[in-house]
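Peer 1: Numbering (the UniProt record's numbering), first residue to last: 1 to 259.
Note that CB positions come from ideal geometry on N, CA and C, so glycine has one too.
1) Kindly indicate which three-state DSSP category residue 241 falls into: helix, strand or coil?
2) Any idea what DSSP makes of residue 209, helix, strand or coil?
3) Put residue 64 into one of helix, strand or coil per three-state DSSP.
4) Whose C-alpha, out of 217, 138, 8 and 106, is nearest the C-alpha of residue 50?
5) Spell out the partners DSSP gives residue 7 in its beta bridges.
6) Do you know whose CA, among 246, 223, 214 and 162, lies nearest residue 236's CA?
7) Just list the residues that DSSP pairs residue 31 with in beta bridges.
8) If you reduce the DSSP assignment to three classes, tell me which class residue 129 lands in.
9) Nearest CA to the CA of residue 79: which residue from 29, 105, 95 and 58?
10) Buried or exposed: which applies to residue 233, given that a residue is buried once 16 or more other Cβ atoms fall within 10 Å of its Cβ?
11) Within 10 angstroms of the Cβ of residue 32, are there 16 or more other Cβ atoms? Answer buried if so, exposed if not.
12) Relative to the C-alpha of residue 107, which candidate in 182, 72, 165 and 190 has its C-alpha closest?
13) So, at 6 Å on beta carbons, what are the nonlocal neighbours of residue 71 in its own chain, with the 5 sequence-adjacent residues on each side left out?
14) In whole angstroms, give me the CA-to-CA distance for residue 139 and residue 156.
15) Looking at residue 136: is its Cβ nearer than 8 Å to the Cβ of residue 153?
16) For residue 95, I'd like the list of residues in its chain whose CB is within less than 8 Å of its CB, leaving aside the five on either flank, ordered along the chain.
Structure below.
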């Protein structure tokens, strides 16, 4: 479905501070994959997601989506195909608008705008049902401005919004990293359920090794702008934290302990 071929990206090229964020990266994402991406800071994880989303262009290499070259396609032209949830709960929602208005906008992503068609009794019931599964008490607050939500509630809303447009590809960029442990677990449970129910092809970046082991059908390790390993099948399902330490020589306690 998505093919990243020989992607390179160097920031501050020609300067002493130049560094390759992507260095000939190759990655194939198959329809239905739930790929978890791990790697140390500076490995190129967020740069990869930014490149796929169209937020930045690669210096060289190509991106193709269902056989179509999207390497230079602007981000807004990808919006109907690709949805994203960021680490920062403040990104991806309109603070001054209500929850139901944000959900309605998200449902129309890539299809034009207009609230009248979507803000109906049926639409509100559908939104309430989706939010009820989060167990964060959000289902009866549809008319509440997003600015009044906690960080955890806002991130949970972002996840629901990202899934509403039924994107071909869902990008999750450390979307639970800024949450307290209980809320992070709730959002991850919701993530797995939404991905499974909607059969969403998903690429998730995380520093949490427990999430990496328990989530998805593939585990991709990045290092120095390249894919170092791609674990799947029986090997993925039988992974333990000790295996990751041995395989990737992980010394970062935050990654190992999932804190």
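Peer 2: Let's see:
1) Here residue 241 corresponds to residue number 241 of the chain shown, with the count starting at 1. If DSSP states are grouped into helix, strand and coil, residue 241 belongs with the helices.
2) If you number the chain shown from 1, residue 209 lands on position 209. Of the three classes helix, strand and coil, the one that applies to residue 209 here is helix, per DSSP.
3) As a working mapping, residue 64 is identified with position 64 in the chain shown. Of the three classes helix, strand and coil, the one that applies to residue 64 here is strand, per DSSP.
4) Counted from its first residue, the chain shown places residue 50 at position 50. Among 217, 138, 8 and 106, the Cα nearest to that of residue 50 is on 8.
5) One-based indexing of the chain shown puts residue 7 at position 7. Residue pairing by DSSP places residue 7 opposite 25 in a beta bridge.
6) In the chain shown, the residue the question calls residue 236 occupies position 236. Nearest C-alpha to residue 236 among 246, 223, 214 and 162: 214.
7) On the chain shown, residue 31 is found 31 positions in, with the first residue counted as 1. Its beta-bridge partners do not exist; DSSP assigns none.
8) Position 129 of the chain shown, counting from 1, holds the residue named residue 129. When secondary structure is reduced to three states using DSSP, residue 129 falls in the helix class.
9) Position 79 of the chain shown, counted from the start, is the residue given in the question as residue 79. Selected option, being the one with the closest Cα: 105.
10) For the purposes of this step, residue 233 is taken as the residue at position 233 of the chain shown. Exposed: under 16 other Cβ atoms inside 10 Å.
11) The residue you call residue 32 lines up with position 32 of the chain shown. That one is exposed.
12) Translated into the one-based positions of the chain shown, residue 107 becomes position 107. With respect to the C-alpha of residue 107, the residue from 182, 72, 165 and 190 having the closest C-alpha is 165.
13) The residue given as residue 71 occupies position 71 in the chain shown. Only 62 and 63 meet the Cβ criterion.
14) Stepping through the chain shown from its first residue, residue 139 is reached at position 139. Stepping through the chain shown from its first residue, residue 156 is reached at position 156. Distance between the alpha carbons of residue 139 and residue 156 is about 12 Å.
15) As a first step, residue 136 is located in the chain shown; it is residue number 136 there, counting from the start. As a first step, residue 153 is located in the chain shown; it is residue number 153 there, counting from the start. Remark: C-beta atoms of residue 136 and residue 153 approach each other more closely than 8 Å.
16) Position 95 of the chain shown, counted from the start, is the residue given in the question as residue 95. If you ignore the 5 residues before and after residue 95, its C-beta comes within less than 8 Å of the C-beta of 145, 146 and 147, all in its own chain and listed in chain order.
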